[in-house]
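Asks: Here it is: the structure, laid out below.
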Amino acid sequence: MANRDFDTAYWDDGYVVIEGLISDKKIDAFLEKHKPENLVLEEVFESYQSYIPRDAYIKSQQIRDILCGEEILQYFNKLNKYFALHLSEARIGTSGIKWHTDYIDQIIEAANDYIGVHVAMSDVDIECGPFELIPGSHKWAKNPEILNHENCKNNHNSCYEYNEQLIDSMGIEPYVFKAKRGDVLFWHGHLYHRGAKIVNWEKGRDVLFGHYYAIGKDEAQRCTDGPPYQRIKNNNGIFYIVGNYHE
Ligand SMILES: O=C(O)CCC(=O)C(=O)O
Numbered sequence: 004m005a006n007r008d009f010d011t012a013y014w015d016d017g018y019v020v021i022e023g024l025i026s027d028k029k030i031d032a033f034l035e036k037h038k039p040e041n042l043v044l045e046e047v048f049e050s051y052q053s054y055i056p057r058d059a060y061i062k063s064q065q066i067r068d069i070l071c072g073e074e075i076l077q078y079f080n081k082l083n084k085y086f087a088l089h090l091s092e093a094r095i096g097t098s099g100i101k102w103h104t105d106y107i108d109q110i111i112e113a114a115n116d117y118i119g120v121h122v123a124m125s126d127v128d129i130e131c132g133p134f135e136l137i138p139g140s141h142k143w144a145k146n147p148e149i150l151n152h153e154n155c156k157n158n159h160n161s162c163y164e165y166n167e168q169l170i171d172s173m174g175i176e177p178y179v180f181k182a183k184r185g186d187v188l189f190w191h192g193h194l195y196h197r198g199a200k201i202v203n204w205e206k207g208r209d210v211l212f213g214h215y216y217a218i219g220k221d222e223a224q225r226c227t228d229g230p231p232y233q234r235i236k237n238n239n240g241i242f243y244i245v246g247n248y249h250e
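In the numbering used here, the protein residues as written are 4 to 250.
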């Protein structure tokens with residue numbers, strides 16, 4: 004991001020890394036509460052499952068302290084959007100998932116409202132399968148006949164193959180996130196990324212992920228129980244926590 008504003012770098016490259024954003028104190032509090040034990044192997048992508056449930060943030064102050072805290076919010080505010088956390092994951096090492104985007108349908112406005120956050124809870128050992136991304140790929144034209152939610156759900160290999168071929172044809176080198184503990188990476192909903200394969204199972208990278216949707220200002224303003232943590236609605240069982248509503 005050197006010499007560029009956060010928002011310029013984010014919209015140009017589709018990602019931004021902020022070094023040392025989250026304190027050891029917050030990370031230690033999280034790891035004390037959510038110990039990476041009983042790791043379950045996920046066979047499809049040869050990786051460990053998340054050791055917290057996707058909605059763990061609803062009950063965990065320690066997760067919200069990180070994923071909805073002031074450190075991350077100050078950057079969301081630079082995008083002039085109000086974001087709601089809707090998914091959290093914590094993993095030892097990679098998800099192993101192949102190249103993909105988190106927002107699949109080719110609706111640019113909606114993808115602009117989707118953001119992922121990777122918090123490094125330990126230094127990243129390169130052999131444990133780091134997070135990789137393709138800079139600028141959020142702006143590429145992608146085939147909506149293939150990349151749509153329905154097709155990627157029913158026929159996911161066709162989507163992975165399409166993504167692989169498109170990335171090969173563009174010839175852009177991946178960026179490998181060799182993080183230090185406390186570093187944070189923000190990425191755009193249409194940016195290609197993956198969890199690279201584990202090379203050495205003895206080595207880990209403890210990662211906390213947050214996924215967010217932007218919500219309207221009116222909706223954010225309806226929250227009355229005070230920033231920074233506001234549970235605003237129960238949408239078919241999914242709770243949303245507003246991060247950055249400020250008066
Ligand atoms: O394992 C990884 O780092 C990739 C995670 C990922 O793809 C995601 O959270 O959307």
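A virtual CB, placed ideally from N, CA and C, is assigned to each residue, including glycine.
1. Using a Cβ-Cβ cutoff of less than 8 Å, which residues in the same chain neighbour residue 51 once the five nearest sequence positions on both sides are dropped?
2. Can you tell me whether residue 19 is buried or exposed? The criterion is at least 16 other CB atoms within 10 Å of its CB, across all chains shown.
3. Flag this pair as touching only if the segment 197 to 207 and the segment 141 to 152 have three or more C-beta atom pairs under 8 Å; answer yes or no.
4. Restricting to runs no shorter than 4 residues, where is the alpha helix (DSSP H) found entirely within the segment 54 to 97?
5. Residue 170 to residue 193, Cα distance in whole Å?
6. May I ask you to report which of helix, strand or coil DSSP gives residue 125?
7. Are there 16 or more other CB atoms within 10 angstroms of the CB of residue 13, so buried, or fewer, so exposed?
8. Can you tell me which of 134, 124, 109 and 81 puts its alpha carbon nearest to the alpha carbon of residue 98?
9. Using beta-carbon positions only, say whether residue 100 and residue 150 come within less than 8 Å of one another.
10. If you draw a straight line from the alpha carbon of residue 57 to that of residue 176, how long is it in whole angstroms?
11. Give a single yes or no on whether residue 196 has its beta carbon closer than 7 Å to a heavy atom of ligand 1.
12. Using the rule of at least 16 other Cβ atoms within 10 Å of the residue's Cβ for burial, across every protein chain shown, is residue 64 buried or exposed?
Replies: With the given structure in hand:
1. As a first step, residue 51 must be located in the sequence shown, where it is residue number 48. These residues qualify, in order along the chain: 42, 43, 44, 45, 94, 95 and 96.
2. Working through the sequence shown from its first residue, we reach residue 19 at position 16. Answer is buried; the Cβ neighbour count reaches 16.
3. no
4. 64 to 70 and 73 to 81
5. Taking the sequence shown and counting its residues from 1, one reaches residue 170 at position 167. Taking the sequence shown and counting its residues from 1, one reaches residue 193 at position 190. Straight-line Cα distance between these residues: approximately 13 Å.
6. Counting from one through the sequence shown, the residue named residue 125 turns up at place 122. DSSP places residue 125 in coil when its eight states are reduced to three.
7. As a working note, residue 13 is residue 10 in the sequence shown. Its Cβ being crowded by 16 or more others within 10 Å, residue 13 is buried.
8. Translated into positions along the sequence shown, residue 98 becomes position 95. Answer by Cα proximity: 134.
9. Taking the first residue of the sequence shown as 1, we reach residue 100 at position 97. Taking the first residue of the sequence shown as 1, we reach residue 150 at position 147. Not in contact: residue 100 and residue 150 (Cβ atoms no closer than 8 Å).
10. Start at 1 with the first residue of the sequence shown, and residue 57 comes out as number 54. Start at 1 with the first residue of the sequence shown, and residue 176 comes out as number 173. Those two C-alpha atoms are separated by around 31 Å.
11. The residue labelled residue 196 in the question sits at position 193 within the sequence shown. Answer for residue 196: yes, Cβ within range of ligand 1.
12. Within the sequence shown, the letter at position 61 stands for residue 64. Residue 64 should be labelled exposed.
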